[in-house]
Every structure is written in C-alpha cells, then in structure tokens.
Amino acid sequence: MSEIIDSRSELLFLYDIENANPNGDPLNENRPRFDTESSVALVSDVRLKRTIRDYWYEYKEFNGLDDRQDIFVRETTYDEGDKKYIKDGKRRAKDFQEQADIILAKCIDIRVFGGVIPLAKDSITYIGPVQFQMGKSLNKTEIIEEQGTGAFASTEKKIQATFRTEYKIPYAVIGFNGIINEKAARYSRMTTEDKSLLLEGIWEGTKNLISRSKFGQSPLFLLEVEYKEPFYIGNLRQRLKLDYGEMNELQIRGTNDYKLDISELLEALKENKEKIAKIHLKLDSRLTMISNGKLITNISKDEI
Numbered sequence: 085m086s087e088i089i090d091s092r093s094e095l096l097f098l099y100d101i102e103n104a105n106p107n108g109d110p111l112n113e114n115r116p117r118f119d120t121e122s123s124v125a126l127v128s129d130v131r132l133k134r135t136i137r138d139y140w141y142e143y144k145e146f147n148g149l150d151d152r153q154d155i156f157v158r159e160t161t162y163d164e165g166d167k168k169y170i171k172d173g174k175r176r177a178k179d180f181q182e183q184a185d186i187i188l189a190k191c192i193d194i195r196v197f198g199g200v201i202p203l204a205k206d207s208i209t210y211i212g213p214v215q216f217q218m219g220k221s222l223n224k225t226e227i228i229e230e231q232g233t234g235a236f237a238s239t240e241k242k243i244q245a246t247f248r249t250e251y252k253i254p255y256a257v258i259g260f261n262g263i264i265n266e267k268a269a270r271y272s273r274m275t276t277e278d279k280s281l282l283l284e285g286i287w288e289g290t291k292n293l294i295s296r297s298k299f300g301q302s303p304l305f306l307l308e309v310e311y312k313e314p315f316y317i318g319n320l321r322q323r324l325k326l327d328y329g330e331m332n333e334l335q336i337r338g339t340n341d342y343k344l345d346i347s348e349l350l351e352a353l354k355e356n357k358e359k360i361a362k363i364h365l366k367l368d369s370r371l372t373m374i375s376n377g378k379l380i381t382n383i384s385k386d387e388i
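For the sequence shown, my numbering begins at 85 and goes up steadily by one.
Written as structure tokens, this is what we have:
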C-alpha cells in the first residue's frame with residue numbers, strides 16, 4: 085500500500101501555447117486572462133487543477149465505477165421525474181454516504197487538492213497539500229482577435245450566418261509555481277502514488293488539452309525539488325528568463341526563437357543544496373536550457 089507523503093516538494097511547471105486561449109475569462113467575453121500592466125498572460129490555478137482532474141477522469145478512468153478511484157469535483161447528475169439536473173455539493177456527498185473516510189479513500193482530487201465536503205448539517209474542510217500560484221507567461225505577449233462566421237443564422241428568415249469573435253494568444257510560455265505540503269497530506273491522506281499521478285496529470289493532462297480553444301498547448305518543463313525538511317526556496321518561476329537575443333519579444337512564436345535561462349534557478353538550488361534530498365526533471369526535447377551562457381542538458385542533485 086502506498087505511504088502518506090512525509091516530505092515537502094516544490095514544483096515548477098512550464099508549458100507553451102500557440103494561437104490558442106489558455107484561460108478564458110467568462111466575465112470578459114472569454115478573452116484570455118491578461119495583466120495589462122506587464123503584458124503577460126495569466127492562467128488560474130483552478131484551470132491547471134481542472135486539467136489534471138480531467139486527465140484523471142478521462143484517461144485514468146477515475147470515474148468511481150467498479151471500485152475505481154473517483155473525482156469528487158466533477159459534474160454529476162440526478163433524475164427527478166422526466167428531467168435531469170446537475171447535483172450540488174450536498175447531493176455529491178451523499179454518493180459517498182456523507183462519510184469523510186469514504187471520500188478520502190475514493191477521491192484522489194480531495195486527497196491532493198483538498199476541498200469543502202458539504203454535509204446535511206455541517207461541512208468538513210480539507211486544506212489541499214498541493215497548491216499552485218497563478219500561472220504567468222515568461223514572455224510579454226498580446227491578445228489577438230480572429231473573426232469568423234457560424235454555420236447558422238441567429239434567427240429565422242436571415243440571409244446571413246452569425247459572426248463570431250475569438251480571442252487568442254499568439255505565443256506564450258506559461259509558468260506555474262507549486263508546493264506539496266507534507267503537513268496537510270497527513271490530514272487529506274495524500275500518498276506517494278497520488279503524487280506520481282499528480283505529476284503525470286500535469287504533464288499528460290496539458291498534452292491532452294485538445295479542445296478547439298486549448299489545442300496548441302504542450303508541456304515543456306516539469307521540475308520537482310524534494311526537501312529533507314519543512315522548507316522550500318519559493319519563487320522558482322521568477323528565477324527563469326527567456327533569452328531571445330535581439331528579437332522583439334512580441335515576435336516569439338516557438339521554442340526555436342529563445343533559450344530558457346536557468347542561471348538564477350541553479351544558483352538558488354546550489355545555495356540550498358544541503359536541504360535538498362532529490363531533484364527530478366522532465367524536459368521536452370524542443371527546449372534549450374542555458375546557464376551563464378552555457379548549454380545545460382539536465383538539473384540533478386549531483387550536478388548543482
């Protein structure tokens with residue numbers, strides 16, 4: 085049986101997106117979330133968690149059937165008369181007899197991300213061991229508009245089809261900071277196997293975002309730093325830079341246009357080497373890393 089996590093880890097995840105919408109804002113015409121002051125794209129932690137949940141559900145088949153694992157936070161329905169309705173949180177909790185032990189045993193997303201379990205007369209809150217900061221692009225970018233026509237008219241007796249406007253990012257490298265808190269894992273019962281499935285979900289889930297608005301996203305870089313003690317460096321994403329030479333930053337359109345400068349990141353890892361137990365890195369072959377102008381092919385405990 086997999087053991088409960090007993091050590092802290094820090095995560096750094098990068099993916100790129102080309103001519104797509106990484107995280108639309110439904111209150112702003114579904115435009116990509118964007119910091120107008122710094123001209124960088126934003127992606128919420130909720131979007132990344134949804135990517136991971138969807139991967140677990142669709143590709144690992146964590147649907148609760150035949151004694152499989154389940155995803156608590158997902159859309160489920162119930163029938164009443166001849167109509168079908170979406171369950172609220174209380175009805176969802178009843179699927180597990182309103183028993184916290186059953187929910188924690190069955191639902192990987194609660195063990196990993198935490199959540200509020202609404203009961204008939206009370207609620208139980210679990211703080212998620214895994215937390216992500218808001219994702220931001222490492223490069224400045226912009227929002228572009230694309231006009232198109234629909235296949236149908238808006239109403240009857242129209243001679244022209246409807247028009248649509250889509251908002252996209254031409255290219256961006258999105259970075260996320262994350263943490264796995266071993267203290268919270270004691271209460272939510274997150275295991276080492278859950279951690280492996282989390283890392284798989286981050287990478288493979290991003291790769292399998294193939295809806296119309298999300299197609300064009302690919303994982304580039306996933307770093308896990310395991311620590312010997314309750315400590316973490318922090319702000320790993322902020323220690324990265326894109327080296328695009330003389331090119332205009334807004335003209336970047338792919339990994340061939342830049343190198344990932346990890347100089348500050350390596351320096352921080354070296355300064356805290358005695359507190360680090362292990363370093364794991366998954367890297368896309370398209371990405372070129374440099375440090376102080378020199379080519380770097382890997383990051384490991386033995387090499388820092």
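The C-beta atom is built at its ideal place from N, Cα and C for all residues, glycine as well. Predicted model only: the values in this text are computed from it and were never measured.
Asked	Found
The region 297-314 in contact with the region 89-109 per 3-pair CB rule at 8 Å	yes
Proximity below 7 Å, CB of D90 to CB of E266	yes
Per DSSP, cross-strand counterpart(s) of M373	L344, I380
Per-residue burial, N376 [other beta carbons within 10 Å of its own, 16 or more giving buried]	exposed
Sufficient close CB pairs (3 or more, under 8 Å) joining the region 130-150 to the region 278-294	yes
Identity of the residue in T160, M218, G173, Q215 nearest V200 by Cα	G173
With 16 other Cβ atoms within 10 Å as the buried cut-off, status of A177	buried
Cβ-Cβ distance between D415 and F197 below 7 Å	It is not possible to answer for residue 415, since the shown part of the chain is limited to 85 through 388.
CA-to-CA distance, K378 to I155, given in whole angstroms	44 Å
S109, DSSP secondary structure in three states	Note that residue 109 corresponds to Asp in the displayed sequence, not to Ser. Strand at D109.
Collapsed DSSP secondary structure at A269 in the structure displayed	helix
Whole-number beta carbon distance between L132 and G389, since they are thought to touch under 8 Å	Nothing can be reported for residue 389, as the shown portion of the chain is limited to 85 through 388.
Ordered list of beta strand (DSSP E) runs contained in the region 264-339, each at least 3 residues	301-311, 325-327
CB-CB length for L306 against V257, believed under 8 Å	No, L306 and V257 are not in contact; Cβ-Cβ is about 13 Å, not under 8 Å.
Distance between beta carbons of D278 and R370, contact taken as under 8 Å	That belief does not hold up - the Cβ atoms of R370 and D278 are roughly 29 Å apart, past 8 Å.
K366 at chain B interface by Cβ criterion, 7 Å	No chain B appears in this structure, which consists of one protein chain only.
Reduced DSSP secondary structure (H/G/I, E/B, other) of T135	helix
Beta carbon of P314 nearer than 7 Å to that of R92	yes
Beta-carbon spacing of A269, I317 below 7 Å	no
Minimum C-alpha distance to I187 - residue among K362, T209, T249	T209
Counted within 10 angstroms of its Cβ, other Cβ atoms place I228 as buried (16 or more) or exposed	exposed
Residues sharing a beta bridge with T249, DSSP	Q231
Identity of the residue in T381, K312, K343, I264 nearest K362 by Cα	K312
Whole-angstrom distance between K144 and D151, CA atom to CA atom	13 Å
Bounding residues of the alpha helix (DSSP H) (the contiguous stretch that carries L203)	That residue, L203, is in no alpha helix (DSSP H); it is neither H nor E in DSSP.
Assigned secondary structure, K190 (DSSP; H/G/I helix, E/B strand, else coil)	helix
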